[in-house]
Amino acid sequence: MKKRLLQTLACLLSMSAAQAQSATTAAELTFQVKAQVLSNGIQLQWNKQTGVNAYHILRKERSQKTFTVMATNIPLNDTTYLDQSVLPGQAFEYCIQSASSMNISSYVYAGIELAPVHHAGEILLLIDSTYMNAASQELSVFRKDLIKEGWMIHQEYVGRTQAVSDVKQIIQSYYAASPNQFKGVILMGHIPVPYSGKIAPDAHADHVGAWPSDVYYADVNNTQSNWNDVNINAVSASDPRNHNVIGDGKYDLSVKSAQSNIKIFVGRIDVYNMPAIHADDTHLFKQYLNKNHDYRSGLKKFRMNAVVQEELGFFDGEAFAQNGWRNFNSILGKGQVEAGDLFTKTQSNSYIWSYACGGGWFTGAQGIGTTSSFQTNQMESVFTMLYGSYFGDWDNTNNFLRAPIASPSSTLVSCWGGRPNWFFHTMTLGEPIGYSYINSVDNISTYYPKGLYSGQVHQSLQGDPSLKMYVYDAPSNLVALGIDMDTRTQLYWSPSPDPNVIGYYIYKAASENSAFVALNTNLITSANFIDESAFDPTQVYMVRAVKLEQTNTGSFFNLSRGTMSNEWFNTALPVNLLSFEGVANQDGSNTLVWETENEQAVLAYRLERSTDQQVFEAIANLDAKNLQQIESYQFVDKAAETISYYRVVAVDRDGQEKISPVVRLEHKPIVSDWIAFPSPFQDQLQVRFFCESPSEVNIQLCDLYGKVIQQQQVPAMEGDNRFGFQGLSHLSSGVYFLILTDADQKRNVMKVQK
Numbered sequence: 007m008k009k010r011l012l013q014t015l016a017c018l019l020s021m022s023a024a025q026a027q028s029a030t031t032a033a034e035l036t037f038q039v040k041a042q043v044l045s046n047g048i049q050l051q052w053n054k055q056t057g058v059n060a061y062h063i064l065r066k067e068r069s070q071k072t073f074t075v076m077a078t079n080i081p082l083n084d085t086t087y088l089d090q091s092v093l094p095g096q097a098f099e100y101c102i103q104s105a106s107s108m109n110i111s112s113y114v115y116a117g118i119e120l121a122p123v124h125h126a127g128e129i130l131l132l133i134d135s136t137y138m139n140a141a142s143q144e145l146s147v148f149r150k151d152l153i154k155e156g157w158m159i160h161q162e163y164v165g166r167t168q169a170v171s172d173v174k175q176i177i178q179s180y181y182a183a184s185p186n187q188f189k190g191v192i193l194m195g196h197i198p199v200p201y202s203g204k205i206a207p208d209a210h211a212d213h214v215g216a217w218p219s220d221v222y223y224a225d226v227n228n229t230q231s232n233w234n235d236v237n238i239n240a241v242s243a244s245d246p247r248n249h250n251v252i253g254d255g256k257y258d259l260s261v262k263s264a265q266s267n268i269k270i271f272v273g274r275i276d277v278y279n280m281p282a283i284h285a286d287d288t289h290l291f292k293q294y295l296n297k298n299h300d301y302r303s304g305l306k307k308f309r310m311n312a313v314v315q316e317e318l319g320f321f322d323g324e325a326f327a328q329n330g331w332r333n334f335n336s337i338l339g340k341g342q343v344e345a346g347d348l349f350t351k352t353q354s355n356s357y358i359w360s361y362a363c364g365g366g367w368f369t370g371a372q373g374i375g376t377t378s379s380f381q382t383n384q385m386e387s388v389f390t391m392l393y394g395s396y397f398g399d400w401d402n403t404n405n406f407l408r409a410p411i412a413s414p415s416s417t418l419v420s421c422w423g424g425r426p427n428w429f430f431h432t433m434t435l436g437e438p439i440g441y442s443y444i445n446s447v448d449n450i451s452t453y454y455p456k457g458l459y460s461g462q463v464h465q466s467l468q469g470d471p472s473l474k475m476y477v478y479d480a481p482s483n484l485v486a487l488g489i490d491m492d493t494r495t496q497l498y499w500s501p502s503p504d505p506n507v508i509g510y511y512i513y514k515a516a517s518e519n520s521a522f523v524a525l526n527t528n529l530i531t532s533a534n535f536i537d538e539s540a541f542d543p544t545q546v547y548m549v550r551a552v553k554l555e556q557t558n559t560g561s562f563f564n565l566s567r568g569t570m571s572n573e574w575f576n577t578a579l580p581v582n583l584l585s586f587e588g589v590a591n592q593d594g595s596n597t598l599v600w601e602t603e604n605e606q607a608v609l610a611y612r613l614e615r616s617t618d619q620q621v622f623e624a625i626a627n628l629d630a631k632n633l634q635q636i637e638s639y640q641f642v643d644k645a646a647e648t649i650s651y652y653r654v655v656a657v658d659r660d661g662q663e664k665i666s667p668v669v670r671l672e673h674k675p676i677v678s679d680w681i682a683f684p685s686p687f688q689d690q691l692q693v694r695f696f697c698e699s700p701s702e703v704n705i706q707l708c709d710l711y712g713k714v715i716q717q718q719q720v721p722a723m724e725g726d727n728r729f730g731f732q733g734l735s736h737l738s739s740g741v742y743f744l745i746l747t748d749a750d751q752k753r754n755v756m757k758v759q760k
């Protein structure tokens with residue numbers, strides 16, 4: 007290990023002095039940039055930087071490869087630029103660049119109120135056949151999560167021993183069928199790994215040869231003329247895995263050729279051969295999919311902050327940590343990025359992004375840690391970059407680059423951030439990280455500094471390329487009912503608890519595997535909608551919330567994930583939680599109620615409260631009753647805030663925890679704060695709700711098919727109201743629901759159990 011670290015330092019110090027800049031730290035190669043939306047356009051703001059005498063401003067449209075110069079030689083003290091040609095609905099990529107060196111630069115993707123993206127495109131899941139049965143449930147949830155975010159899903163199962171050329175043929179066939187809509191591939195498991203080239207991007211003589219090259223799958227050139235196996239004979243690498251000889255199935259290409267056509271993203275969820283974290287890769291694969299679901303469904307939230315740990319410093323213009331500073335300063339903005347130890351920082355707080363570099367070997371990096379560190383330390387960061395020698399060649403036992411995604415930590419994406427440089431700035435306006443992969447891998451002459459070994463075939467994205475930065479709580483409990491003799495369809499749903507939601511879009515499809523079509527062009531602000539089409543129980547409806555997301559570089563209309571009508575009665579809630587609801591009481595307290603079933607594996611429930619959805623504190627611990635029947639739990643929070651957020655954490659007997667959706671309660675009495683008990687009910691069912699002012703409230707008890715069993719028009723008084731249904735003993739056991747309609751025709755739906 008010591009020999010390799012010395013080789014790393016010697017290599018870095020030998021880099022050409024022609025790359026040297028007046029900057030002395032990685033942070034000085036970038037600007038802290040903010041794009042502010044004004045009434046007359048977008049204003050860029052940035053900080054003065056060491057060794058910079060003037061600035062250039064460049065701009066391009068998202069689809070373009072080349073920037074256009076907008077302004078040159080802006081004086082040193084003039085650190086703003088106003089682009090008055092930007093209209094609502096438009097966005098541009100901007101470059102702020104030192105007038106004396108393009109290597110001192112930052113990039114932002116700035117726009118004004120970008121339209122919501124209803125259809126994300128088509129994506130192919132290539133699934134390791136080893137997991138077909140063992141992880142079928144987790145794969146089903148993952149697939150549905152993608153559908154709820156607007157993706158059209160294709161999937162194929164692939165064996166670990168299949169030829170990489172066969173795998174590429176599968177990808178090319180889907181791309182050829184829909185080149186405009188097909189966006190990318192997720193390699194789920196130990197999908198066959200292509201190797202190519204005679205390269206050593208870490209500049210070690212004992213590491214020259216073929217490296218893993220997933221870019222082979224991203225190249226949609228319909229011929230393989232630029233991926234040949236006829237020239238290279240390289241056997242000097244210390245690991246035979248890197249040897250590349252004619253006819254061995256490893257390709258010759260070291261640098262992408264003129265024929266290369268990188269049109270799709272490729273991300274790899276490969277946790278195979280990581281025994282330092284867990285001996286069973288099926289366990290690790292399922293663990294990854296579970297933490298992926300927790301993130302994209304909003305069960306775990308992260309601060310919009312980043313941390314950078316640099317142990318390699320600045321070497322003749324090559325400062326690896328610029329990947330952290332350049333991207334994070336643009337994505338998150340001034341004051342959101344800090345220097346510090348990766349594990350120390352991410353254990354004490356959450357960070358959406360992180361970066362660390364140090365002299366490396368296959369299973370670790372100096373000053374950072376080893377693969378085993380990720381098994382013992384819970385790193386709370388979603389996206390990370392790691393850099394150091396050797397481990398960028400990731401297809402080996404206990405590889406350090408793959409360790410974050412294989413770990414129980416929250417990390418979902420990892421990449422080798424240093425040779426060459428990566429560019430993630432377009433994620434600020436809602437793009438998935440996969441598009442940043444294309445930006446970086448296909449960076450011929452667009453973004454500078456490119457970094458050494460730009461264009462080589464080794465760049466990879468470890469993790470899910472469909473992930474985005476801005477996640478919030480979705481609506482839930484979507485119900486579709488036939489009305490007017492089934493000539494029309496009534497939809498009800500529970501609103502998103504996010505206070506910034508401005509409305510909802512409703513979609514319909516023949517099945518969840520079909521294309522969803524939007525039913526409304528104008529936002530629906532209530533939690534109900536009537537589809538004038540006849541009720542068809544085979545149709546699938548979906549509802550997504552929307553809010554205007556304000557970021558460091560502008561604004562976009564951000565769609566939540568959806569809730570679908572075919573899952574309302576079988577919602578896969580965490581652990582065994584059937585429902586979790588609350589009501590704000592007139593005395594300033596909040597009552598929280600949740601229901602469970604089959605809880606033999608649960609030790610206890612921890613009720614947690616937050617004022618910002620970021621930091622939660624435990625306010626109650628209730629022992630599980632451990633009965634097979636449906637059980638209910640209740641707790642009154644007498645120290646509630648004006649606005650409080652609650653979640654229930656179920657603690658299993660093996661120590662693992664699962665977190666419920668978040669409930670938001672505000673002390674402004676409204677009809678939608680209501681509760682029904684007991685559940686399961688027998689002959690009577692009590693309903694309690696609040697009214698802000700006297701009103702007539704209609705309450706219906708319906709069966710699964712929408713048939714009204716009982717209903718009453720209730721003269722509700724201001725404040726606390728109670729009402730009871732009686733004579734229900736004749737009803738069959740099962741699920742029913744209550745529909746409460748106030749004087750303004752606002753409706754809420756609640757599931758109850760008989």
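Add 6 to the 1-based position in the sequence shown for our numbering, that's all there is to it.
For each residue, glycine too, the CB sits at the ideal point set by N, CA and C.
This one's a predicted model, so the numbers in the text were calculated from it and none came from an experiment.
Buried or exposed by the 16-neighbour rule on C-beta atoms within 10 Å, applied to residue i
i    : result
K757 : buried
V642 : exposed
I444 : buried
R728 : exposed
T72  : exposed
E317 : buried
A16  : Since pLDDT at A16 reaches only 34, below the 50 mark, its modelled position is unreliable, and no value is offered.
K713 : exposed
E605 : buried
M158 : buried
A516 : exposed
H736 : exposed
L467 : buried
M548 : buried
S219 : buried
Residues near residue i by beta carbon distance below 8 Å, same chain, minus five either side
i    : result
Q168 : P198
T432 : R68, E99, Y115, Y441, S442 and N445
S178 : It is Gln, not Ser, that sits at residue 178 in the sequence shown. Contacts found: V226 and N228.
Beta-carbon gap between residue i and residue j smaller than 8 Å
i    : j    : result
N248 : A216 : yes
K553 : V507 : yes
N404 : A285 : no
I118 : G560 : yes
T434 : Y115 : yes
S571 : V546 : yes
A624 : Y611 : no
W359 : S387 : yes
V191 : L295 : no
L225 : G398 : Correcting the residue type first, residue 225 is Asp in the shown sequence and not Leu. The answer is no: Cβ separation not under 8 Å.
A32  : A327 : yes
L131 : Q161 : yes
Q465 : V485 : no
A371 : V277 : no
Residues near residue i by beta carbon distance below 6 Å, same chain, minus five either side
i    : result
F743 : C708, V755 and K757
R332 : T36 and S112
L671 : G588, A590, N596 and S650
Any non-hydrogen atom of the ligand FAD closer than 7 Å to residue i Cβ
i    : result
L734 : Within the structure as shown, the ligand FAD is missing, as the structure has no ligands at all.
Residues near residue i in its chain [Cβ-Cβ closer than 7 Å; skip 5 each side]
i    : result
Y476 : G436, E555 and N564
S460 : P426 and N449
T86  : Q49, L50 and Q51
P686 : I636, Q759 and K760
K292 : A141 and E144
L407 : L392, F397, G398, W400, S420, W422 and Q468
Per DSSP, the bridge partner or partners of residue i
i    : result
A610 : D629 and V657
Y513 : A524 and M548
Test: residue i CB closer than 8 Å to a CB of chain C
i    : result
A624 : In summary, chain C is missing from the structure at hand, where a single protein chain is found.
Problem - Three-pair Cβ contact test at 8 Å for the region 77 to 84 versus the region 45 to 65 - result: yes
Exercise for the section: Could you tell me whether the region 252 to 262 touches the region 191 to 205, using the rule of 3 or more Cβ pairs below 8 Å? Expected result: yes
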